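One structure is given here, and the rest of the page talks about it.
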Amino acid sequence: MSAAIRLERLTGPALERHIDDLARLRIAVFRDFPYLYDGSLDYERDYLRSYGRSRGSVIVAAFDGTAVVGAATALPMADEPDYVTKPFLARGYDIARIFYFGESVLLKSYRGTGIGLGFFEHREAHARSFGEFDWFAFCGVDRPADHPKRPDDYIPLDRFWQKRGFARHPELVAHFSWRDIGDSAQTDKPMVFWLKRPNP
Ligand SMILES: CC(C)(COP(=O)(O)OP(=O)(O)OC[C@H]1O[C@@H](n2cnc3c(N)ncnc32)[C@H](O)[C@@H]1OP(=O)(O)O)[C@@H](O)C(=O)NCCC(=O)NCCS
236 MSAAIRLERL
246 TGPALERHID
256 DLARLRIAVF
266 RDFPYLYDGS
276 LDYERDYLRS
286 YGRSRGSVIV
296 AAFDGTAVVG
306 AATALPMADE
316 PDYVTKPFLA
326 RGYDIARIFY
336 FGESVLLKSY
346 RGTGIGLGFF
356 EHREAHARSF
366 GEFDWFAFCG
376 VDRPADHPKR
386 PDDYIPLDRF
396 WQKRGFARHP
406 ELVAHFSWRD
416 IGDSAQTDKP
426 MVFWLKRPNP
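Right, dumping it as structure tokens:
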């Protein structure tokens, strides 16, 4: 990771101070494939504030000077809404013992130098500090390989996630709904979970 980039865990007033920067960053990054998300500032602000209200949450921001260029979120799975916890409850998991890594976003020009790895390290260290979680989990959108908006140079993150020790669990699928860029209505998206043990 470049020495110029600083990772900071944001909570309370620091989170509130950067909320608009974080919201804009998420909208900019999620516009691209595979998310193609047509986001709104109001929704993103509310979503980020909901993280601030969760006792165990963390938001890790990447700064280049004073500019927020990346961010990653995480919180106890028990604080997530039903559509996230449902596949776990249906398969008998104790959601009180799962720590959920929300999203990582980084501006394109900063990718490939280990900042994404730093996001995982910070979130995993934060989750381990509670000593009460059996699983770390996150999910990624499952787009078809021949999706018309998939760029030719798109690099899937599967290998990166496997290297971090996560395994894909195709039996654990949540359904998120959002409006794709260019669409007039929201559509349902299958989100497949990846899991790892905190201390393998
Ligand atoms: C996820 C994300 C934050 C990772 O950030 P990053 O700093 O590029 O990650 P790192 O440098 O630590 O790791 C790079 C890994 O990502 C892969 N990668 C993906 N896109 C890349 C790019 N444009 N440039 C370089 N590497 C890229 C590399 O192959 C590398 O994998 P490796 O460890 O097998 O070599 C970033 O790719 C991103 O913002 N993606 C768009 C949003 C997204 O899909 N988020 C994940 C789901 S919420």
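Under our numbering, think of the first position of the sequence shown as 236, with each following residue one higher.
We put the beta carbon where it would ideally sit given N, CA and C, even for glycine.
In this text the structure is predicted, and so the values were computed from the model without any measurement.
Annotation: Arg385 to His361 spans about 34 angstroms, alpha carbon to alpha carbon. For Ile350, the enclosing alpha helix (DSSP H) stretches over residues 350-363.
Annotation for Arg394 indicates a beta carbon within 7 angstroms of some heavy atom of ligand 1. Residue burial is scored here from C-beta neighbours: Thr246 has fewer than 16 other C-beta atoms within 10 angstroms and is therefore classed as exposed. In the DSSP assignment, the residues bridged to Ile333 are Trp370.
Note that the region 340-353 touches the region 294-302; at least 3 beta-carbon pairs, one per stretch, sit closer than 8 angstroms.
Taking 8 angstroms as the cut-off, the beta carbon of Tyr389 is found closer than this to the beta carbon of Phe268.
Between the alpha carbons of Ala313 and Gly366 lies a distance of about 16 angstroms.
If you check the C-beta of Lys398 against ligand 1, you find a heavy atom less than 7 angstroms away.
Between the C-alpha atoms of Arg399 and Tyr282 there is a straight-line separation of about 26 angstroms.
The Cβ atoms of Leu310 and Ser289 lie closer than 8 angstroms to each other. In the three-state reduction of the DSSP assignment, Gly375 falls in the strand class.
For Ala306, the three-state secondary structure derived from DSSP is strand.
Taking 7 angstroms as the cut-off, one finds at least one heavy atom of ligand 1 near enough to the beta carbon of Ile350. By the Cβ-count criterion, Lys343 is exposed, with fewer than 16 other Cβ atoms from all chains shown falling within 10 Å of its own Cβ. Two segments are said to touch when three or more pairs of C-beta atoms, one from each, lie closer than 8 angstroms; by this definition the region 318-336 touches the region 370-386. Remark: C-beta atoms of Val376 and Leu341 do not approach each other more closely than 8 angstroms.
Straight across, the Cα-Cα distance linking Pro248 with Asp393 is about 35 angstroms. Distances taken from the Cβ of Val304 to the heavy atoms of ligand 1 include none shorter than 7 angstroms.
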